[in-house]
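Following: one structure in structure tokens, then a few remarks.
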Amino acid sequence: MNARILLVVFLFLTVSSQEVYSQLGFSHEIGVITGPVAVYSDFGQRNDFETNAGNVGIGVGIIHYINFSYRADCNCYTRDTYFNDHFKIRNEIDYHKTTLNHFGRWVDPDQEGLFADQLRAMNGSTEVFEIGSQLEYFPLSIRDFAAGSYKIAPFASLGAHYVSFDPEVQSDLGPLNIVGGPLATTPRKYRNAFQQEGGSTWAIVTSVGIRYKLTPLSDLMLDSRWTYYFTDNLDGLNPSLENNGEVPVPENKANEWMYWLNIGYIYYLD
Numbered sequence: 000m001n002a003r004i005l006l007v008v009f010l011f012l013t014v015s016s017q018e019v020y021s022q023l024g025f026s027h028e029i030g031v032i033t034g035p036v037a038v039y040s041d042f043g044q045r046n047d048f049e050t051n052a053g054n055v056g057i058g059v060g061i062i063h064y065i066n067f068s069y070r071a072d073c074n075c076y077t078r079d080t081y082f083n084d085h086f087k088i089r090n091e092i093d094y095h096k097t098t099l100n101h102f103g104r105w106v107d108p109d110q111e112g113l114f115a116d117q118l119r120a121m122n123g124s125t126e127v128f129e130i131g132s133q134l135e136y137f138p139l140s141i142r143d144f145a146a147g148s149y150k151i152a153p154f155a156s157l158g159a160h161y162v163s164f165d166p167e168v169q170s171d172l173g174p175l176n177i178v179g180g181p182l183a184t185t186p187r188k189y190r191n192a193f194q195q196e197g198g199s200t201w202a203i204v205t206s207v208g209i210r211y212k213l214t215p216l217s218d219l220m221l222d223s224r225w226t227y228y229f230t231d232n233l234d235g236l237n238p239s240l241e242n243n244g245e246v247p248v249p250e251n252k253a254n255e256w257m258y259w260l261n262i263g264y265i266y267y268l269d
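Going by my numbering, 40 is the number at position 41 of the sequence shown; the sequence numbering is gapless.
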């Protein structure tokens, strides 16, 4: 599913949900988000600061909220229930792209030999589109925050996204999967590991953040997000040993996941 289709689906779902929930009296918010994205993958060394700081890209997103605390049809508050005053539904479509390289002890300048040279020469990127929803929980009153009783409102969220990804992996030494001889480009554990075709998967998304009341009809948001993908091919690598990739290498313990620190601007439509 390409970006255009995802955007059309998002807009359709947003308009549809806005119409449905507007009929029920709920109000809406829209916004944009952006910030650095760190992808944790088969590139680099696990739990290594240089890897975590080096494999960073940028992400952008369009967000839409369903606000249960306020009625758009009468410009009044909804019935005072705990759910209405502490939860919102967040729909969004995101795009992020990250350049990937090997970092860590195995590619340090003091490392010599073919294996280190092969790792240093490997590089890649992954382009990701996501569409989905989250349920956001505000421990403080949403009504009081909207009324200006306090400037900052913390929140936490949990949800699911449908993900479309397109990875690319290459080597500066030449074509991939040349294994033997002095012109070898690929370390043994990456034999049969390259997944250059795009694909799709699902992801679990969770975040914590804060909103800052900028004006009566607008907020700034700081969001710290973790996303776990149900695939090991998001980065284009799936390291394995013999048997045509059926035996994973010991260090390949998890699927890809992502950390995104983003800042956003949110406007209240009703």
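Virtual Cβ for every residue (Gly too), placed ideally from N, Cα, C.
Taking just the CA atoms, how far does residue j sit from residue i?
i, j, result
"Leu157", "Glu135", "7 Å"
"Leu221", "Ser148", "20 Å"
"Glu28", "Phe154", "16 Å"
"Val178", "Leu233", "23 Å"
"Val106", "Phe42", "11 Å"
"Phe144", "Ile62", "20 Å"
"Phe86", "Tyr69", "12 Å"
"Asn254", "Gln133", "21 Å"
"Leu260", "Arg210", "14 Å"
"Thr98", "Asn83", "42 Å"
"Tyr39", "Ile151", "31 Å"
"Arg190", "Pro238", "7 Å"
"His160", "Glu111", "42 Å"
"Asn46", "Thr214", "41 Å"
"Leu23", "Leu268", "Note on Leu23: pLDDT 48, under 50, position unreliable in the model; no value is reported."
Can you tell me where the alpha helix (DSSP H) with residue i in it begins and where it stops?
i, result
"Asn237", "Neither: Asn237 is in no alpha helix (DSSP H) and is coded neither H nor E."
"Ala115", "Leu113 to Ala120"
"Glu28", "Counting along the chain, Glu28 falls outside any alpha helix (DSSP H), though it belongs to the beta strand (DSSP E) covering Phe25 to Tyr39."
"Asn51", "Phe48 to Gly53"
"Ala145", "Ile141 to Ala145"
Do residue j and residue i come within 8 Å of each other at the CB atom, strictly closer than that value?
i, j, result
"Ala183", "Leu139", "no"
"Met257", "Thr230", "no"
"Arg224", "Ser206", "yes"
"Gly103", "Gln194", "no"
"Gly60", "Ile88", "no"
"Val162", "Tyr94", "no"
Comparing C-alpha positions only, which one of the options sits nearest to residue i?
i, options, result
"Lys96", "Gly58, Asn261, Ala115 and Phe102", "Gly58"
"Gln117", "Val207, Gly131, Pro174 and Asn237", "Pro174"
"Gly263", "Asp109, Asn100, Ser217 and Asp231", "Ser217"
"Phe164", "Ala37, Gly235, Asn191 and Arg89", "Gly235"
"Gly30", "Ser40, Gly56 and Ile65", "Ile65"
"Glu91", "Phe67, His101 and Glu129", "Glu129"
"Trp201", "Gly131, Asp171 and Leu213", "Gly131"
"Thr185", "Gln169, Glu196 and Leu268", "Gln169"
"Pro166", "Asn176, Gly208 and Glu196", "Glu196"
"Asn100", "Val127, Asp109, Ala146 and Ala37", "Ala37"
"Gly34", "Phe25, Phe48, Gly56 and Ser26", "Gly56"
Residue i lies in the beta strand (DSSP E); which residues open and close that run?
i, result
"Thr97", "Phe86 to Asn100"
"Ala152", "Ile151 to Ser170"
"Asn261", "Trp256 to Tyr267"
"Ile177", "First-last for Ile177: undefined, no H or E at that position."
"Asp218", "Ser217 to Tyr228"
"Lys212", "Gly198 to Thr214"
On the three-pair Cβ rule with 8 Å, is the region 42-59 touching the region 139-152? no
So, does the region 77-86 touch the region 112-129, judging by three or more C-beta pairs under 8 Å? no
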